[in-house]
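A.B. asks:
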Amino acid sequence: MNPMSTQIKISGVNKIFTTADKEVIALRDIHLEIPEGQFVCLLGPSGCGKSTLLNAIAGFALPTSGTIVANDVQVKQPGPDRGMVFQEYALFPWMTVEKNIAFGLEIKGMNPADIERRVSDLLHMLGLQDFRQRYPKDLSGGMRQRVAIARVLALDSPIMLMDEPFGALDALTRRNLQDELLRIWSELKKTIIFVTHSIEEAIYLADRVVVMTYRPGTVKKDILIDLPRLRDPSTTAFNNLKRELSLLVMEEQQRHHHDEMKLGAVD
Ligand code: ADP
Ligand code: MG
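Offset between the sequence shown (1-based) and our numbering: plus 34.
1) Starting from the N-terminal side, write out each stretch of the alpha helix (DSSP H) that is 4 residues or longer and does not extend beyond the stretch 83-130.
2) How long is the line joining the alpha carbons of L211 and L189, rounded to whole angstroms?
3) If you draw a straight line from the alpha carbon of L87 to that of S45, how long is it in whole angstroms?
4) Under three-state DSSP, which class holds M303?
5) Locate the beta strand (DSSP E) running through S45, then write down its first and last residues.
6) So what does T225 bridge to, in DSSP terms?
7) Are the CB atoms of L96 and K84 within a distance shorter than 7 Å?
8) In three-state DSSP terms, what is D256?
9) Closest by CA to G71, which one among E286, L216, S232, H231?
10) Considering only the alpha carbon of each residue, which of Q179, P69, N273, V74 lies closest to N105?
11) Quick one: residues in its chain with C-beta nearer than 7 Å to the C-beta of P114, no 5 flanking neighbours on either side, listed in chain order?
12) With hydrogens ignored, establish whether the beta-carbon of K84 is closer than 6 Å to any heavy atom of ligand 1.
13) Answer yes or no: the CB of S80 versus the heavy atoms of ligand 1, is any distance below 6 Å?
14) Between which two residues does the alpha helix (DSSP H) containing F272 stretch?
15) Between the stretch 232-252 and the stretch 276-284, do at least 3 Cβ pairs fall closer than 8 Å?
16) Which residues in the same chain have their Cβ closer than 8 Å to the Cβ of A124, if we skip the five residues on either side of it in sequence?
17) According to DSSP, is P170 part of a helix, a strand, or is it coil?
18) Do you know how far the Cα of Q41 is from the Cα of I257?
19) Have a look at the DSSP bridge pairing and note the partners of P69.
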């Protein structure tokens with residue numbers, strides 16, 4: 035595929051959840067074209083449909099209407115071209131770090147020597163060499179999230195989908211992992227769609243920030259971030275973007291708040 039050619043095309047996507055007592059329009063008429071190699075952040079307040087959109091791209095939960103095409107194929111189910119990293123560490127607690135990373139490759143039937151080589155490379159890339167024999171319960175949150183990333187990288191999907199992967203980490207660990215993710219992204223040339231509700235995280239990481247409206251989730255603003263990396267959050271340019279995005283997100287948070295007042299309910 036050519037660089038900058040469209041890798042993911044989202045056209046007219048709607049998602050409606052029907053529960054016993056109500057219908058929730060989670061996504062309305064989403065259109066996005068994401069070129070190969072772009073680092074995109076989906077930004078918006080809780081409940082605006084970020085996970086719903088990511089899950090639709092992953093093929094875990096399909097849109098009610100509209101289409102998503104990834105790598106020239108319409109998404110109807112999960113596939114090896116799209117790897118997902120969740121916020122909650124989806125590791126197997128009974129497997130060591132290296133087994134967790136190797137698991138997907140064993141399922142694929144890769145030969146043991148190649149698995150060993152790939153796992154070693156990934157342990158190295160993510161600074162996990164000394165932890166390979168440990169179990170998830172004996173790791174810090176940051177280390178567990180490294181393993182989760184390594185596990186998805188092992189499958190070498192061109193597209194990485196990440197749902198608030200650093201949301202549960204302390205500030206310092208979070209910044210370290212952000213920097214590592216940027217390094218891996220520029221080395222491996224993946225396309226990344228990264229969900230966050232942190233404005234600073236979005237500006238720090240992304241080539242492009244897609245701000246979503248609160249229920250129904252639509253694209254409120256689509257902004258290219260043209261600042262050199264590694265970015266310095268103390269600069270004027272960074273802070274101007276922060277102010278601009280804060281206003282947009284705040285408007286949506288207020289809509290959320292009004293909704294709750296009207297309904298007398300919190301979700
Ligand atoms: P975000 O990730 O931005 O916080 P979600 O995509 O999780 O938002 O949710 C968007 C909206 O859809 C919310 O109002 C949420 O309550 C609703 N929703 C999400 N998943 C379901 C589901 N399986 N059934 C019913 N409603 C859902
Ligand atoms: Mg979510």
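Note that CB positions come from ideal geometry on N, CA and C, so glycine has one too.
C.D. replies: Taking the definition as stated:
1) 84-92
2) Indexing the sequence shown from 1 puts residue 211 at position 177. Indexing the sequence shown from 1 puts residue 189 at position 155. Rounded to whole angstroms, L211 to L189 spans 20 Å at the Cα level.
3) To locate residue 87, count along the sequence shown from 1; it is residue 53. To locate residue 45, count along the sequence shown from 1; it is residue 11. Approximately 12 Å between the Cα atoms of the pair.
4) Within the shown structure, residues of the chain are numbered from 35 to 301, placing residue 303 beyond reach of any answer.
5) Along the sequence shown, read from residue 1 onward, the residue named residue 45 stands at position 11. Here the beta strand (DSSP E) through S45 covers 40-52.
6) For the purposes of this step, residue 225 is identified with residue 191 of the sequence shown, where counting begins at 1. Looking at the DSSP assignment, T225 forms a beta bridge with I193.
7) Here residue 84 is taken as the residue at index 50 of the sequence shown, counted from 1. Here residue 96 is taken as the residue at index 62 of the sequence shown, counted from 1. It is not a contact, given that the beta carbons lie outside the stated cut-off.
8) If you number the sequence shown from 1, residue 256 lands on position 222. The answer is strand: DSSP assigns D256 an E or B state.
9) By one-based count along the sequence shown, residue 71 stands at place 37. Nearest option by C-alpha distance: L216.
10) The residue you call residue 105 lines up with position 71 of the sequence shown. Ranking the options by Cα distance to N105, first place goes to P69.
11) Taking the sequence shown and counting its residues from 1, one reaches residue 114 at position 80. Within the same chain, P114 has close Cβ partners L189, S191.
12) Position 50 of the sequence shown holds residue 84. Correct: K84 has its Cβ closer than 6 Å to ligand 1.
13) Mapped onto the sequence shown, residue 80 falls at position 46. For ligand 1, at least one heavy atom lies less than 6 Å from the Cβ of S80.
14) Taking the sequence shown and counting its residues from 1, one reaches residue 272 at position 238. Its alpha helix (DSSP H) spans residues 270-297.
15) Contact holds: three or more Cβ-Cβ distances are below 8 Å.
16) Counting from 1 along the sequence shown, the entry for residue 124 is found at position 90. Same-chain partners within the cutoff: A182.
17) Position 136 of the sequence shown, counted from the first residue, corresponds to residue 170. Residue state, collapsed to three classes: helix.
18) On the sequence shown, position 223 is the one that residue 257 refers to. On the sequence shown, position 7 is the one that residue 41 refers to. CA-to-CA, the gap between I257 and Q41 works out to about 19 Å.
19) Here residue 69 refers to the residue found at position 35 of the sequence shown. T40, per the DSSP bridge assignment.
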